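Inspection log for the structure reproduced underneath, given as structure tokens.
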Amino acid sequence: MAGVSTSHEMGLHTEPLKGRDIKTMFTLENEGGYGYAFARDVDFNKRAEVDAEGKTAREVNSKIRELMDSGHGTIVLKNPGAAHSLVVGILNRANIIVEGSLGYFGCGLLDGPNVRVSGRVGWSFGENLMAGTIVVEKNAGSTFGAAMRGGDLVCKGSVGSRTGIDQKGGTILVGGDTGAFSGFMMQRGRMVVCGNAGKNLGDSMYDGTIYVGGEIKDLGVDAIPGELTDLDKAWLTRKLTQYELMPEKGVDHFTKIVAGKQLWSYDNLEPSEKKLVL
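Position 258 of the sequence shown, counting from 1, maps to 295 under this note's numbering, and the rest follow consecutively.
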């Protein structure tokens, strides 16, 4: 493919991925405009509210689905009370507004909705996100965006350790700091941290790109600095501006971290060579 970089190059590249990833399984060009046969045709101007006070997670999540079944495209969740496992398993286009904070495992297994959380969120928020956007206005706990595959996951505050662990795609954006082992075993996708990063950043990452605007405590195994290109800067500028996270001094100061590729053939190394890698 002349004039186009390949996926074997670390970091941001321009190779089209058609036919290679999950995006080819479901497309918004399908009949009806939705990726799943069971997806509901909702009206975003049709708004409803769900009061979570005194209700179980099952009751709240079922009520959200019932409202989408009746065509409601904008749903406001009130009084979530930092309860666990709310707004999960939604495979439909919708606008969901959470007025308050969520506990552990919030907004997991989503494919399509746009979610905004006005408060804080707990551990494992946004895990296995497939598509859509999730924006958290305050801070988040550890394992933010674990195993996510697509979409944009945004925390305007700081997050805990192991952010983006086993990330397989999509984009994670953090307005503040991130903790230790962020990007651990990262396989694809991009992570942007506007603040500082803790110890062992990108440990055992296989592919993908991490951008850090502040200080990095240290890098993990097989994570190395990469060249911040004009393409990187253009993408960072667009993404950070989109979510109102653009630093006053721009993006030229960001550090780019990529995989060193030494672990790609780890099983074929001699015992003495394995010790050098680790």
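Cβ coordinates follow ideal geometry from the N, Cα and C atoms, glycine included.
The model shown is predicted, which means the values in this text are computed figures rather than measured ones.
Asked	Found
Any 3 or more C-beta pairs closer than 8 Å across the stretch 279-296 and the stretch 253-262	yes
For Lys270, the first and last residue of its enclosing alpha helix (DSSP H)	Asp267 to Gln279
Complete runs of the beta strand (DSSP E) confined to the stretch 72-98 [at least 3 residues]	80-88
Supposed close pair Gly216, Val229 - CB separation, criterion 8 Å	Contact doesn't hold; Cβ gap of about 16 Å is too wide.
Sufficient close CB pairs (3 or more, under 8 Å) joining the stretch 221-239 to the stretch 269-285	yes
Own chain partners of Leu146 with C-beta closer than 6 Å, once the 5 adjacent residues on each side are dropped	Val125, Gly126 and Asn165
Among Asn151, Gly257, Phe181 and Ser161, nearest to Asp214 - alpha-carbon criterion	Phe181
Pro150 and Ala131 closer than 8 Å at C-beta	yes
Through-space distance from Leu273 to Arg225, alpha-carbon basis	17 Å
CA nearest to the CA of Gly329, picked from Asn237, Ser107 and Leu190	For residue 329 there is no data in the structure shown, the boundaries of the chain being 38 and 315.
Exposed unless 16 or more other CB atoms sit within 10 angstroms - verdict on Leu210	buried
Where the beta strand (DSSP E) through Leu190 begins and ends	Asp189 to Cys192
Buried versus exposed call for Thr93 [16 or more other C-beta atoms within 10 Å across all chains shown]	exposed
Alpha carbon of Ile171 to alpha carbon of Cys144, nearest angstrom	8 Å
8 Å Cβ cutoff met for Ala89 and Leu123	yes
Proximal residues to Ala183 (C-beta, below 7 Å), its chain only, five neighbours per side dropped	Ser161, Glu164, Ile202 and Asp203
Endpoints, beta strand (DSSP E) assigned at Lys175	Premise fails: Lys175 is in no beta strand (DSSP E) and is neither H nor E.
Alpha-carbon to alpha-carbon, Ala85 and Met242	42 Å
Integer-rounded CB distance, given that Ile133 should sit under 8 Å from Val158	Actually they do not touch by this definition, with Cβ atoms about 13 Å apart.
Counted within 10 angstroms of its Cβ, other Cβ atoms place Ser179 as buried (16 or more) or exposed	buried
Residue burial classification, Phe81 (beta-carbon count within 10 angstroms, cutoff 16)	exposed
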